[in-house]
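2 protein chains.
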Amino acid sequence: MASTKSNLQIDSTRLWNAIHETAKFGATPKGGVRRLTLGAEDKQVRDWFRDACEAAGCEVSVDALGTMFAVRRGRDMSKLPIAIGSHLDTQPTGGKFDGVLGTLAALEAIRAMNDAGIETEAPICICNWTNEEGSRFAPAMMASAAYAGDYTSEDILSRKDADGVTVASALDTIGYRGAEPVGARKFSAFVELHIEQGPLLEAEEKIIGVVERGQGIIWYNGTISGFASHAGTTPMPLRRDALAAFSEVVLAVETIAKNHGPHAVGTIGEVTIDNSSRNVVAGDLKFSAEFRSPEAATMDKLHAALQAAIADIASRRKVTINLEQIWRKEPTVFDPQIVGTVEGATKQLGYAYRRITSGAGHDACNLASVMPAAMIFVPCKDGVSHNELEDATQADCTAGANVLLHTTLALAGVVSALKTNS
Amino acid sequence: MASTKSNLQIDSTRLWNAIHETAKFGATPKGGVRRLTLGAEDKQVRDWFRDACEAAGCEVSVDALGTMFAVRRGRDMSKLPIAIGSHLDTQPTGGKFDGVLGTLAALEAIRAMNDAGIETEAPICICNWTNEEGSRFAPAMMASAAYAGDYTSEDILSRKDADGVTVASALDTIGYRGAEPVGARKFSAFVELHIEQGPLLEAEEKIIGVVERGQGIIWYNGTISGFASHAGTTPMPLRRDALAAFSEVVLAVETIAKNHGPHAVGTIGEVTIDNSSRNVVAGDLKFSAEFRSPEAATMDKLHAALQAAIADIASRRKVTINLEQIWRKEPTVFDPQIVGTVEGATKQLGYAYRRITSGAGHDACNLASVMPAAMIFVPCKDGVSHNELEDATQADCTAGANVLLHTTLALAGVVSALKTNS
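One line per chain: the protein sequences are A and B, in this order. Using my numbering, count along the first sequence one by one with no gaps and you end on 427. Using my numbering, count along the second sequence one by one with no gaps and you end on 427.
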């Protein structure tokens, strides 16, 4: 097996052009992308992607949920392919990089291998997972969850969007309902390049995040019942103010998360006061809350600390606080060997990096439960994502694609290379 | 001038029956009343009230905003009348006592004088002020504010309800648009009996509240701008969480009010997060806030303390907090002499009482700026008002009506009494 030169690079201009070429499909006036899964623009980008993969010598097939697989042959086709890629759908007012970078960097890695005349031992498969965003059909990361066995295809095919259109019907409409059973195609590993969607790499001036974990998540729905009373006539000591109690809960969630730092986060993002009025002490309200941590044991501690805080607040303020845990997703631990391969490729290429935990969910987090998986992060401007302002530099995208290329080559094994581009 | 016996009492059963008879006009299934100002049910109760006043020997007239005046003659008709009463409109899901008690107790006081053959020196006038509640037309306490010169009649007549119906049109529809110019009729004093709409009298087992002040009010509209970011990927130290900042503002308002106790109150009753989502750190939100105090100097301190707290919170949390004062109403100081008369009548009747500040606004608060005025409070169950559950005991309502009767007699002067009912 030949060793690959560390100075082998992807074609930065070609990657950048591909990102901007596909950004036309669903382009928004503010420079973002609106490409809802399985819609007309998604068909456009899928057709573009299929043509590009076929032009790069890959064989493209589609599974029953529309996930696209583009296989570049290896020397030993009895070996399971190395899967790389991400998703091409976007948020309703999304950016040009979320998902797109990982999918087109995978294409670019294949193109770069072609240019360098590289044959790999194992085949390589570029994946475009259907409906990662979840903004048209629930749940998010739909196809990778079904691939991992969390849902049946029948269940997912019957899910409806806000207009009552099913996934099955949407797939048929754009011609992307394949025959291949979901989960039938096996891989030896999955590696996903993605923008960080957070501020850490930028803040620490790192180019690459070697993702070793995905946060576990607990979601809660809560209610607080105090007593609605006249804001003018109810003395402060006699109040049972649901909003004041809620304010303590918000600050408790924040404090508890900070006390379990630096990786834990806790957020209350929603609150609705029933029949709210400026001159009525809030009687009843609803809220949501969440904690995330890369450690299951920490998740337990966050949960217990919140229960204790809430019991104290409810008792002191004579209000009733109900907190229902509606979802718990255990932390993702990416495969140490694949993570090590990513880290090795990053070091070999000389990029400043840090190990990092993914705060957001990704297809790789679902797939990690059924195969060795890992992720590569690159910085995005101000940590902003799910927003038309989402931005990343060409240099950072190129670096991420180079790490993906070298990780893939290391995992697939290089049989022969005609040339390197130095 | 003859002195009135302290054992002269109103007819408790007749008062109680009147309250329950009028509660039929707009009765709700849960035992409350829905009698929006100038609607069909308001016409029904107005017609009932006019007939009852005329049957009691009063001459009824109506001003240009529909306020009803029922005059019982005094010996000296050159003297200005003593005005007593309240309002007969209710909240959309209101109770049987708010406003009604004060109006019908005034009627009962006249009836009791008639029974006792009492002639007073000055005339007495029962008032039914139009649109105290403000739930159909803004502002609340509309007619008394216009009487006090805060608004012109033309302005008020053009105000529209949610269906676009003007006050003028609504008055015409029910036939209660009188010819008398608003504010033309002068009184020597105004005394209003009302349920407390707060919990103090009940908590302290007092039967009568001798109201000496009405709270001043400051209303604010506020916004907080932080930065909306991903709840999973944004580390706690890098957040600019508008909801966490807001929670500190809520608790600051509460603490500031408590620090200026026992009379000051502070309330935040409304908050709306822009584009809220359970997994997004709140970026922007709107809220309202208010302070009330019976002392103008305290209002200034509350305002200054909130400004300081907000500056501190905004600085520490790197958010922008805008707080706009949209209304300031100075405290009402009821006329010491009239308040003394109420207190004297209460003592004479032997009722447990306390001096009290009105936390709610009342027609008497508006009228206090143009004539000597005072109020009498009686307890209501659990302090609940503006609610179908609003309740008060027959004994307390009777006590309040007796204080109103004796206050009125003391102010009007008793010329002769044929009998007393003991």
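Every residue gets a Cβ at the ideal spot worked out from N, C-alpha and C, and that includes glycine.
Apart from the five residues just before and just after residue i, which ones in its own chain have a Cβ nearer than 7 Å to its Cβ?
i, result
"ARG283 of chain B", "none"
"GLU137 of chain A", "HIS92, ASP94, GLY104, ALA145, MET146, ASP368"
"ALA251 of chain A", "Note on identity: in this sequence residue 251 of chain A is Phe, with Ala being the wrong assignment. If we look at PHE251 of chain A and ignore the five residues flanking it on each side, its Cβ neighbours are ILE229, VAL276, LEU290, PHE292."
"LYS334 of chain A", "GLY221, ILE222"
"GLU494 of chain B", "Look at the range of chain B in this structure, 6 to 427, and you will see that residue 494 of chain B is not part of it."
"GLU300 of chain A", "PRO336"
"LYS191 of chain B", "LEU85"
"THR351 of chain A", "ILE213, VAL215, TYR358, VAL408"
What span of residues does the alpha helix (DSSP H) with residue i cover, start to end?
i, result
"HIS411 of chain A", "399-417"
"THR456 of chain B", "For residue 456 of chain B there is no data in the structure shown, the boundaries of chain B being 6 and 427."
"VAL258 of chain A", "247-264"
"GLY349 of chain B", "341-354"
"MET147 of chain B", "147-152"
"GLY107 of chain A", "105-121"
"SER158 of chain A", "158-162"
"THR178 of chain A", "172-179"
"VAL50 of chain B", "45-60"
"CYS370 of chain B", "368-372"
"THR303 of chain A", "301-322"
"LEU206 of chain B", "205-208"
For residue i, count neighbouring C-beta atoms within 10 Å of its own C-beta (all shown protein chains included) and say buried if the count is 16 or more, exposed if not.
i, result
"HIS92 of chain A", "buried"
"GLU217 of chain B", "buried"
"VAL344 of chain B", "buried"
"ALA184 of chain A", "exposed"
"SER363 of chain B", "buried"
"VAL419 of chain A", "buried"
"GLY169 of chain A", "exposed"
"ASN426 of chain B", "Its pLDDT being 45, under 50, ASN426 of chain B is placed unreliably in this model, and the coordinates cannot settle the point."
"GLY366 of chain A", "buried"
"SER8 of chain A", "Only weak support is given to the placement of SER8 of chain A: the predicted model assigns it a pLDDT of 47, under 50, and the value that follows is read from those uncertain coordinates. Exposed, by the Cβ-count rule."
"GLN342 of chain A", "exposed"
"HIS25 of chain B", "exposed"
"GLY100 of chain B", "buried"
"PRO377 of chain B", "buried"
"THR259 of chain A", "The amino acid at residue 259 of chain A is misidentified as Thr; the sequence shows Glu. Counting Cβ neighbours within 10 Å, GLU259 of chain A comes out buried, since at least 16 surround it."
"MET6 of chain A", "Any reading at MET6 of chain A must be qualified, since the residue scores a pLDDT of 39, below 50, and its modelled position is unreliable; the value itself is stated next. The residue is exposed, with fewer than 16 neighbouring Cβ atoms inside 10 Å."
"ASP56 of chain B", "exposed"
"THR403 of chain A", "buried"
Starting from the beta carbon of residue i, find every residue of chain A whose beta carbon is closer than 9 Å, and list them in chain order.
i, result
"MET241 of chain B", "GLU259, ALA262, LYS263, GLY266, PRO267, ALA269, VAL270, GLY271"
"GLY388 of chain B", "SER234, HIS235, THR238, THR239, LEU243"
Anything in chain A within Cβ reach of residue i, meaning under 8 Å, just list it in chain order.
i, result
"GLN330 of chain B", "Per Cβ cutoff of 8 Å: no residues; GLN330 of chain B is ~13 Å from chain A at best."
"TRP224 of chain B", "ARG283"
Could you name the residues of chain B that residue i contacts, counting a contact when the two beta carbons are closer than 8 Å?
i, result
"LEU248 of chain A", "VAL255, ILE273, GLY274, VAL276"
"ASN284 of chain A", "THR272, GLY274, GLU295"
"ALA23 of chain A", "Those do not exist, as ALA23 of chain A stays about 25 Å from chain B at its closest Cβ, beyond 8 Å."
"VAL281 of chain A", "Note on residue identity: the sequence assigns Ser, not Val, to residue 281 of chain A. Near SER281 of chain A (Cβ distances below 8 Å), the residues of chain B are GLY274, GLU275, VAL276."
Using C-beta distances below 8 Å, list every residue in its chain close to residue i, excluding the 5 sequence neighbours before and after it, in chain order.
i, result
"GLN428 of chain A", "Nothing in the structure corresponds to residue 428 of chain A, since chain A is present only between 6 and 427."
"MET82 of chain A", "PRO128"
"SER158 of chain A", "ALA69, LEU70, ALA151, PRO186, VAL187"
Where do the ends of the beta strand (DSSP E) carrying residue i lie?
i, result
"TRP332 of chain A", "325-334"
"ALA379 of chain B", "378-383"
"SER298 of chain A", "289-298"
"ILE223 of chain B", "221-230"
Taking C-beta pairs closer than 7 Å, name the residues in chain A that residue i reaches, listed in chain order.
i, result
"SER252 of chain B", "SER252, VAL255, LEU256"
"GLN220 of chain B", "GLY237"
Could you name the residues of chain B that residue i contacts, counting a contact when the two beta carbons are closer than 9 Å?
i, result
"HIS391 of chain A", "HIS235, VAL285"
So, at 6 Å on beta carbons, what are the nonlocal neighbours of residue i in its own chain, with the 5 sequence-adjacent residues on each side left out?
i, result
"VAL270 of chain B", "ALA262, ARG297"
"VAL50 of chain A", "THR27, PHE30, LEU93"
Compute every distance between the C-beta of residue i and the non-hydrogen atoms of the ligand ZN, then say whether any falls below 7 Å.
i, result
"THR337 of chain B", "Of the ligands one can find in the structure shown there are none, so the ligand ZN has no counterpart to examine."
The region 190-216 of chain B: positions lying closer than 8 Å to chain A by Cβ: GLU201, GLN202, GLY203, PRO204, LEU205, ALA208
Return the residues of the region 400-411 of chain A that lie within a Cβ-Cβ distance of less than 8 Å from chain B, sorted by chain order. none
Just by C-beta distance, which residues in the region 363-377 of chain B are closer than 9 Å to chain A? SER363, GLY364, ALA365, GLY366
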